[in-house]
Structure formats: C-alpha cells, structure tokens
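Asks: Got a structure for you, written out below as structure tokens; questions coming shortly.
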Amino acid sequence: GEDVEQSLFLSVREGDSSVINCTYTDSSSTYLYWYKQEPGAGLQLLTYIFSNMDMKQDQRLTVLLNKKDKHLSLRIADTQTGDSAIYFCAETRGNQGGKLIFGQGTELSVKP
Amino acid sequence: DGGITQSPKYLFRKEGQNVTLSCEQNLNHDAMYWYRQDPGQGLRLIYYSQIVNDFQKGDIAEGYSVSREKKESFPLTVTSAQKNPTAFYLCASSIDVRGNYGYTFGSGTRLTVV
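Chains as they are written, first to last, in my numbering: chain A, 49 to 160; chain B, 7 to 120.
Take a look at the structure:
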C-alpha cells in the first residue's frame, strides 16, 4: 500500500518501557524519522535512522529498523509522564521530491 | 535563535472568506512545506516549494494557494473553495530538498470556520 501505518494508541505505566511500531512502504527511503507532538504544538524531531543501519540508540530512545519487513520501532526506556504525546514515524519518498510521508501518529498515554 | 514562525496561532474565518496563514523561517532552508492535520488522520501535504518562485502541489492542494517570492517566506491562502478548512496547519522547512535530515516545524495555526 501507499500508507505509513502505526497503531493509534498505546498506554503504559510510568517507569515501564514503551515500544511504538511503524510499517513503511518505500524500500528506497534513505532516512526514517520519529517525531513527537505535544498538545497544540508543532512536531519535534526526536531521532532518525539512516537506511543502512539496523539500530540507533540515543539516551532513553532506541530505534530498530528491519528493512526486510519495512518495520521501524521506537523504544522509550523508563517512560515518564512527560513522554505523553503523539509520536509520528515518517519516511522520505525519494521519487517524490524528497517529501516526508507521515503515519497517522500513535498517542502514548503514560499513567503514574 | 533560528526557527520557523507561524502566525497567527488561532484564526477564525467566516464562510466565503479567503484567509492567509503566515510562515517565516530564518534557517536559510531551501525547501518549505505546508501540512494539514486533522484528528486521527496524521499529516497531509498541501503544497511544497524547493526553491524561490517555484512550488508544487501536494496530495490535497484543492482550495489552497501559495507563493514563494522570498526564500524566508511561504504563505498559505485558504480560499473559499476549500469546503472544510477547519484544521490545524503546520509549516515546515528542510535544509535538503531531498528531505534528508528531516524537517523543522513551526508551532502551527489552528483555523476555525465560524
């Protein structure tokens, strides 16, 4: 299909790990991204991974990339209430002027 | 500090009116983009521009128009032809016209039809 797909909701307890999953479509995507959106705000780039990497770790964030299955995941360790937000994955479409295609977003709810 | 500024933060439009949303960046980025966000639908691309005096339609361009007379500015006009304009509008820019290194987003404009 043409869409980048994510599950819509995820609820975790404070201190647990969160894993947000994404399936993308373009096998030629050079970079894949994770963005965070807090209520009423714009999107903030959290991290990105180059397509020749399998994993990238940045403090509490771990990104895993499975190119064979076109699957991207974001793991947040020791999830805090401040992590509650909507998380978007995005891929570049190299054959469409480099525009980013976003998933629908996963709303992460962290309960104390 | 460098960044993208969108104004106004909230905008109310009467039926049949055109309104213009402002987007200014001082990042010296070549490419700029307009997205529309509706609840549960993610972001949909309206228009994008990779260079001054040139722009391309995105997936939902009908009822919208843009201009790119200066590198720093990419205003979006929501015309009366847009039948359902109530949404959150996000402007973004990127240093690389191929989309590498991601986008920098503004804080958005919430448009409501009254």
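By construction, the Cβ of each residue, glycine as well, lies at the ideal position given by its N, Cα and C atoms.
#1: Rounded to whole angstroms, what is the Cα-Cα separation between residue 101/A and residue 113/A?
#2: Do we get a CB-CB distance below 8 angstroms when we pair residue 4/B with the residues of chain A?
#3: Please confirm if residue 79/A has its CB atom under 8 angstroms from at least one CB of chain B.
#4: Quick check on residue 117/B: buried or exposed, where buried means 16 or more other Cβ atoms within 10 Å of its Cβ?
#5: By a C-beta neighbour count over all protein chains shown, 10 Å radius and 16 as the cutoff for buried, is residue 56/A buried or exposed?
#6: For residue 124/A, which residues of its own chain have a beta-carbon under 7 angstroms away from its beta-carbon, when the five flanking residues on both sides are left out?
#7: What are the start and end residues of the beta strand (DSSP E) that includes residue 52/A?
#8: To the nearest angstrom, how far is it from the Cα of residue 82/B to the Cα of residue 55/B?
#9: Along the chain, which unbroken stretches of the beta strand (DSSP E) at least 3 residues long are found entirely within the region 86-130 of chain A?
#10: Mapping the DSSP letters down to three states, classify residue 159/A as helix, strand or coil.
#11: Taking only three categories from DSSP, how would you classify residue 62/B?
#12: Just curious, the beta strand (DSSP E) that residue 103/B is in, first and last residue?
#13: Measure the Cβ-Cβ separation of residue 133/A and residue 156/A and say whether it is below 8 angstroms.
#14: Drop a sphere of 10 angstroms on the beta-carbon of residue 49/A, count the other beta-carbons inside from all chains shown, and report buried for 16 or more, exposed for fewer.
#15: Do residue 160/B and residue 100/B have their C-beta atoms within less than 8 angstroms of each other?
#16: Nearest to residue 35/B by alpha carbon, out of 10/B, 67/B, 62/B and 26/B?
#17: In the structure shown, what three-state DSSP assignment does residue 85/B receive?
#18: What three-state label does DSSP hand residue 51/B in the structure shown?
#19: Listing by chain order, which chain B residues have their CB less than 9 angstroms from the CB of residue 57/A?
Replies: Concretely, from the data shown:
#1: Locating residue 101/A in the first sequence gives position 53, counting from the first residue. Locating residue 113/A in the first sequence gives position 65, counting from the first residue. Straight-line spacing of the CA atoms in residue 101/A and residue 113/A works out to 7 angstroms.
#2: Missing from the structure shown is residue 4/B; chain B here goes from 7 to 120 and no further.
#3: In the first sequence, counting from the first residue as 1, residue 79/A sits at position 31. Yes, residue 79/A lies at the interface with chain B (some Cβ there is under 8 angstroms from its Cβ).
#4: By 1-based counting over the second sequence, the position of residue 117/B is 111. It counts as buried.
#5: Here residue 56/A corresponds to residue number 8 of the first sequence, with the count starting at 1. Burial call: exposed.
#6: Here the question's residue 124/A lines up with position 76 in the first sequence. So the qualifying residues of the chain are 65, 66, 108, 109 and 131.
#7: The count along the first sequence starts at 1 and reaches residue 52/A at position 4. Premise fails: residue 52/A is in no beta strand (DSSP E) and is neither H nor E.
#8: In the second sequence, the residue the question calls residue 82/B occupies position 76. In the second sequence, the residue the question calls residue 55/B occupies position 49. Between residue 82/B and residue 55/B, the C-alpha separation is close to 12 angstroms.
#9: 91-98, 103-106, 109-114 and 119-124
#10: Along the first sequence, read from residue 1 onward, the residue named residue 159/A stands at position 111. Looking at residue 159/A - three-state DSSP - the assignment turns out to be strand.
#11: Along the second sequence, read from residue 1 onward, the residue named residue 62/B stands at position 56. DSSP places residue 62/B in strand when its eight states are reduced to three.
#12: For the purposes of this step, residue 103/B is taken as residue 97 along the second sequence, with counting starting at 1. Per DSSP, residue 103/B belongs to no beta strand (DSSP E) and is neither H nor E.
#13: Position 85 of the first sequence holds residue 133/A. Position 108 of the first sequence holds residue 156/A. Against a cut-off of 8 angstroms, the Cβ pair of residue 156/A and residue 133/A comes out as a contact.
#14: Locating residue 49/A in the first sequence gives position 1, counting from the first residue. Low confidence applies here, because residue 49/A scores a pLDDT of 46, under 50, leaving its location unreliable and the question unanswered by this model.
#15: There is no way to answer for residue 160/B, as the model of chain B reaches only from 7 to 120.
#16: Within the second sequence, numbered from 1, the residue matching residue 35/B stands at position 29. Answer by Cα proximity: 10/B.
#17: As a first step, residue 85/B must be located in the second sequence, where it is residue number 79. Coil at residue 85/B, not helix or strand.
#18: As a working note, residue 51/B is residue 45 in the second sequence. Strand.
#19: Reading the first sequence from its first residue, position 9 is the one you call residue 57/A. What residue 57/A touches in chain B: nothing, since even the nearest Cβ is about 10 angstroms away.
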